[in-house]
Amino acid sequence: MNRDNEENRGYGAENNGNAETENQRKAGGAGEEKFRNAGASAEEQTAGKGGEEKSGNEEYVFDFGGARRTNGYGGGYNVSGPGGYGGGNAGNVGNAGNAGGGTVSGDGKVPPELYERRRALSAAQPASAKKKKSPGKIIACVAGGLLIAAGGFFAGYFTYSGTLDEQIRTLLWVKGLIQENYYEEIGDDEFYDAVFDGVNGLLDPYSQYFSSEEYEAWMADSEGITLGAGITFSSEEINQNDRMLVEWVSGNSPAERAGIRTGMYVVGYGPNANEVAERGDYESVMTFLLEQPEGQPFVLAVSDTPDGEYEAVTLTREVFVANNVFYRSADSAYIFTGENATTLTGSDNVLSGLDEDTAYIRLVLFTGGASEQFAKAMDVFRQEGKKNLILDLRADGGGYLDIMCDIASYFCKDARSGSPAVATAEYRSGRKDTFYASGNLYDEYFSADSRIYVMADNGTASASECLIGAMVDYGAVDYSDIFLCTRSGEAKTYGKGVMQMTYPHLTGGDAVKLTTARICWPLSGNCIHGRGVLPEDGAQVVTENYNRETELLEVVNAVCGR
Numbered sequence: 039m040n041r042d043n044e045e046n047r048g049y050g051a052e053n054n055g056n057a058e059t060e061n062q063r064k065a066g067g068a069g070e071e072k073f074r075n076a077g078a079s080a081e082e083q084t085a086g087k088g089g090e091e092k093s094g095n096e097e098y099v100f101d102f103g104g105a106r107r108t109n110g111y112g113g114g115y116n117v118s119g120p121g122g123y124g125g126g127n128a129g130n131v132g133n134a135g136n137a138g139g140g141t142v143s144g145d146g147k148v149p150p151e152l153y154e155r156r157r158a159l160s161a162a163q164p165a166s167a168k169k170k171k172s173p174g175k176i177i178a179c180v181a182g183g184l185l186i187a188a189g190g191f192f193a194g195y196f197t198y199s200g201t202l203d204e205q206i207r208t209l210l211w212v213k214g215l216i217q218e219n220y221y222e223e224i225g226d227d228e229f230y231d232a233v234f235d236g237v238n239g240l241l242d243p244y245s246q247y248f249s250s251e252e253y254e255a256w257m258a259d260s261e262g263i264t265l266g267a268g269i270t271f272s273s274e275e276i277n278q279n280d281r282m283l284v285e286w287v288s289g290n291s292p293a294e295r296a297g298i299r300t301g302m303y304v305v306g307y308g309p310n311a312n313e314v315a316e317r318g319d320y321e322s323v324m325t326f327l328l329e330q331p332e333g334q335p336f337v338l339a340v341s342d343t344p345d346g347e348y349e350a351v352t353l354t355r356e357v358f359v360a361n362n363v364f365y366r367s368a369d370s371a372y373i374f375t376g377e378n379a380t381t382l383t384g385s386d387n388v389l390s391g392l393d394e395d396t397a398y399i400r401l402v403l404f405t406g407g408a409s410e411q412f413a414k415a416m417d418v419f420r421q422e423g424k425k426n427l428i429l430d431l432r433a434d435g436g437g438y439l440d441i442m443c444d445i446a447s448y449f450c451k452d453a454r455s456g457s458p459a460v461a462t463a464e465y466r467s468g469r470k471d472t473f474y475a476s477g478n479l480y481d482e483y484f485s486a487d488s489r490i491y492v493m494a495d496n497g498t499a500s501a502s503e504c505l506i507g508a509m510v511d512y513g514a515v516d517y518s519d520i521f522l523c524t525r526s527g528e529a530k531t532y533g534k535g536v537m538q539m540t541y542p543h544l545t546g547g548d549a550v551k552l553t554t555a556r557i558c559w560p561l562s563g564n565c566i567h568g569r570g571v572l573p574e575d576g577a578q579v580v581t582e583n584y585n586r587e588t589e590l591l592e593v594v595n596a597v598c599g600r
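According to our numbering, the sequence shown is numbered sequentially starting from 39.
The structure is reproduced here in structure tokens:
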């Protein structure tokens with residue numbers, strides 16, 4: 039789960055067989071420099087780059103945060119409210135409609151960050167759930183962060199010109215006084231947890247300190263590596279019988295392999311098919327699921343209707359690499375399976391409402407193997423002779439910039455350059471960096487009369503919004519081609535137009551992720567931070583429906599005239 043080099047990314051050409059297109063070869067190598075530099079200091083990561091042109095090779099993270107970036111602690115299920123569906127997270131159980139607060143996980147651990155509903159690290163975390171941080175790492179990270187200077191370790195402490203910063207000395211003095219004189223015992227872990235809660239409270243919701251355990255889990259999950267069953271439920275009351283609706287099934291997950299589909303209802307559970315308790319209420323189902331150990335089979339009773347006959351499906355919680363791309367047309371469907379989710383595999387999940395010229399691609403996240411998966415899906419699009427595309431970015435909370443640059447290369451319609459600019463970062467210092475697509479492939483896959491449509495909602499954020507910006511600026515879509523699905527009475531994208539960089543600690547394994555720049559669209563200079571894409575821009579509004587397939591069919595009918 040460590041990312042020491044590009045071979046660990048899960049989609050590099052060398053790692054996953056022969057690249058099928060030139061773009062896939064570029065996708066395979068785009069991150070090599072990025073991960074070579076992952077252990078460098080902040081100064082080393084940014085020095086000598088010229089400050090003007092970027093191609094997505096550095097450790098730039100467009101991570102919105104929301105119900106995705108977890109490492110699968112606690113049962114492998116996500117319960118999401120009406121604010122957007124989760125895309126098959128593991129180990130995160132949130133309150134309905136709560137924008138990221140109130141998270142609980144089955145073994146008392148809280149995942150380092152959510153991926154579709156962002157919350158601050160300190161929001162609604164039980165004290166017992168906090169990750170433990172060793173004092174040596176804490177001191178090194180705090181001192182390094184405040185001083186921003188090179189130094190060394192002496193007797194476990196960070197030194198700067200032979201002395202500690204006066205504020206750090208004061209911090210240690212206060213710690214000593216508290217531990218010696220306070221009427222209740224305060225351990226090192228509790229003290230430094232409180233310190234970092236304060237630091238996180240100072241930053242925006244996208245910046246945070248990672249303990250070494252959190253950072254390892256964060257990096258693993260950005261590869262798509264997850265421990266769980268891969269089911270996202272809705273905690274909304276479906277009807278008087280309180281059935282739980284399956285909102286999303288992660289690609290390449292145990293749930294997908296077991297045949298569980300989005301839109302099914304959970305009506306019961308049990309240790310085996312002969313011992314099924316026919317109860318589908320939230321509390322009972324979640325209590326059962328969170329008690330299931332890794333690798334032990336259990337049964338969910340699922341039905342296509344709340345009160346219909348059920349099928350007893352056996353599944354387990356296990357480690358899997360999630361698929362981020364799904365392809366559907368009227369007579370074919372493809373998913374990605376296998377150890378690294380790179381094997382293009384036929385599926386029976388066709389989308390019969392589409393006309394013969396139109397295909398549908400769902401992009402879950404800009405992480406893991408999304409570049410290679412998207413390239414293969416587009417090759418199917420071309421081989422089937424399709425010319426129109428519905429790109430579904432609902433609840434896609436973002437991911438890595440280099441993956442966005444790869445995928446944007448298919449949608450720069452009016453660009454004349456071989457590698458058009460797709461985003462610009464504006465820093466506090468006034469410096470600007472431009473990021474470029476890894477190619478210009480529009481004419482290889484689309485024709486002059488092709489139409490591209492985008493589905494989005496309030497979970498569409500960051501890299502997704504950046505991709506939409508490039509598509510709008512280069513004429514691949516007009517605002518009227520964007521369909522905004524209503525969530526809690528509101529139709530918009532999230533509105534995250536800032537970028538994060540991650541700074542690993544050289545020796546401790548800790549890391550700090552900081553918001554470092556505003557992100558602007560490539561030609562217009564538009565920054566949607568705090569606003570998002572809105573109906574006032576000309577986007578169309580889709581009726582709110584907790585069954586996401588019903589939303590999709592509304593768009594299909596509008597696009598295909600049925």
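All C-beta atoms, glycine included, are put in the ideal place defined by N, C-alpha and C.
Given a threshold of 16 other Cβ atoms within 10 Å of its Cβ, counted over all protein chains shown, does residue 292 qualify as buried or as exposed?
-> buried
Residue of 524, 513, 430 minimising C-alpha distance to residue 451 = 513
Leaving out the 5 sequence neighbours to the left and right, which residues in its chain are closer than 7 angstroms to residue 565 when beta-carbon positions are compared?
-> 535, 556, 557, 558
What is the rounded straight-line gap between the Cα of residue 441 and the Cα of residue 397?
-> 22 angstroms
Thinking C-alpha only, which one of 316, 341, 431, 488 is nearest residue 504?
-> 431
Which ranges would you report for the beta strand (DSSP E) in the stretch 207-258 if only whole runs of at least 3 residues count?
-> 246-248
Given that a residue counts as buried once 16 or more other Cβ atoms are within 10 Å of its Cβ, and exposed if not, what is residue 586?
-> buried
For residue 305, which option in 336, 349, 268 has the closest C-alpha, if you only look at C-alpha atoms?
-> 349
Secondary structure at residue 595, three-state DSSP: helix, strand or coil?
-> helix
Rounded C-alpha distance that separates residue 571 from residue 426 = 22 angstroms
Taking the C-alpha atoms as reference points, what is the distance between residue 67 and residue 378?
-> With a pLDDT of only 32 at residue 67, under the threshold of 50, the placement of this residue in the model should not be trusted; the figure read from the coordinates follows. Each residue's alpha carbon lies about 17 angstroms from the other.
By the 10 Å Cβ neighbour count, where 16 or more other Cβ atoms means buried, how is residue 311 classified, buried or exposed?
-> exposed
Considering only residues of the same chain and omitting the five flanking positions on each side of residue 186, which have a CB-CB separation below 6 angstroms?
-> Here the model assigns residue 186 a pLDDT of 28, short of 50, so the residue's position is not dependable, and the following value carries that caveat. None.
From residue 233 to residue 239, what distance separates their C-alpha atoms?
-> 10 angstroms
Please list, in chain order, all residues of the same chain as residue 519 whose beta carbon is under 6 angstroms from its beta carbon, the five residues on each side excluded.
-> 491
Measuring CB to CB, does residue 547 end up less than 8 angstroms from residue 501?
-> no
Straight-line Cα distance separating residue 357 from residue 265 | 4 angstroms
Beta carbon of residue 424, beta carbon of residue 382: below 8 angstroms?
-> no
With residue 318 and residue 342 assumed to form a contact (beta carbons below 8 angstroms), what rounded beta-carbon distance in angstroms separates them?
-> Residue 318 to residue 342, Cβ: 14 angstroms. No contact.
So residue 248 packs on residue 551, CB below 8 angstroms; how close in whole Å?
-> 7 angstroms
Hey, which unbroken runs of the beta strand (DSSP E) at 3 residues or more fall wholly within the stretch 375-442?
-> 381-384, 396-401, 426-430, 436-438
Cβ distance (whole Å) where residue 369 is taken to contact residue 388 below 8 angstroms | 6 angstroms
Helix, strand or coil: which one does DSSP assign to residue 588?
-> helix
Per DSSP, what kind of secondary structure is residue 120 in: helix, strand or coil?
-> For residue 120, the pLDDT reaches just 28, beneath the cut-off of 50, and the residue's location in the model is therefore unreliable, leaving the point undetermined.
Boundaries (first-last residue) of the beta strand (DSSP E) holding residue 542 = 536-542
Can you tell which of 225, 353, 309 has its C-alpha closest to the C-alpha of residue 287?
-> 353
Own chain residues within Cβ distance below 8 angstroms of residue 483, not counting five before or after = 416, 419, 420, 448
Closest residue to residue 560 among 458, 269, 573 (Cα-Cα distance) | 458
Rounded straight-line distance, which links the Cα of residue 303 to that of residue 344 = 6 angstroms
Alpha-carbon spacing of residue 372 relative to residue 443, whole angstroms = 23 angstroms
In DSSP terms, what residue 493 is bridged to = 430, 521
Tell me, which residues are paired with residue 464 by DSSP?
-> 470, 556
What is the DSSP secondary structure of residue 601, counted as helix, strand or coil?
-> Because the chain is modelled from 39 through 600, residue 601 falls outside the range shown and cannot be assessed.
Going by DSSP, what residues sit across from residue 330 in a beta bridge?
-> Residue 330 is not bridged to any residue.
Proximity to residue 242 [Cα-Cα], best of 283, 554, 580, 532 | 554
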